[in-house]
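As structure tokens, the structure follows; a few thoughts come after it.
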């Protein structure tokens, strides 16, 4: 763990921000960097009603630019709270969220994943894929799920 990074996925939600504070605490404790990752979901179709754009590719570029901007803001916040000399890398991936996070955990020298749980229950839990649960079951490194 002391030679690897902490992977911290974010969807820019309040619960993801809460998990980010745990990632910072763990990074400071172990003296390791943080890899902040956002996964852009694939659109359900080529039709994006009510959105002015020239093409699906243009929309994709705009969404990616917005994600990169949000990650840079989070990165600067994290750097203020991390111990001197620790780094934050930002990554934007595209595709299935669980698959992309698992892939990132393999290429990024990741020693731990810190992720938020959205706490779905009942029918909502059945209808919404639980990324935190999937990571806990499939990742090759420890996973801290923050409520």
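In my numbering, the protein residues as written are 25 to 171. Each residue gets a CB set at the ideal place from its N, CA and C atoms; glycine is no exception.
Which residues bound the beta strand (DSSP E) around residue 113?
Where residue 113 is concerned, the enclosing beta strand (DSSP E) stretches over 112 to 118.
CB contact flag (residue 91, residue 62, <9 Å)
The answer is yes: Cβ separation under 9 Å.
Exposed or buried, residue 129, counting other C-beta atoms within 10 Å across all chains shown (16 or more means buried)?
Counting Cβ neighbours within 10 Å, residue 129 comes out buried, since at least 16 surround it.
Whose C-beta lies closer than 6 Å to the C-beta of residue 57 among residues of the same chain, with five residues either side of it excluded?
29, 110, 111
Strictly by DSSP, which residues pair up with residue 58?
30, 112
Alpha helix (DSSP H) segment containing residue 156, residue limits:
155 to 162
Residue 104 burial status per 10 Å Cβ neighbour count (16 or more: buried):
exposed
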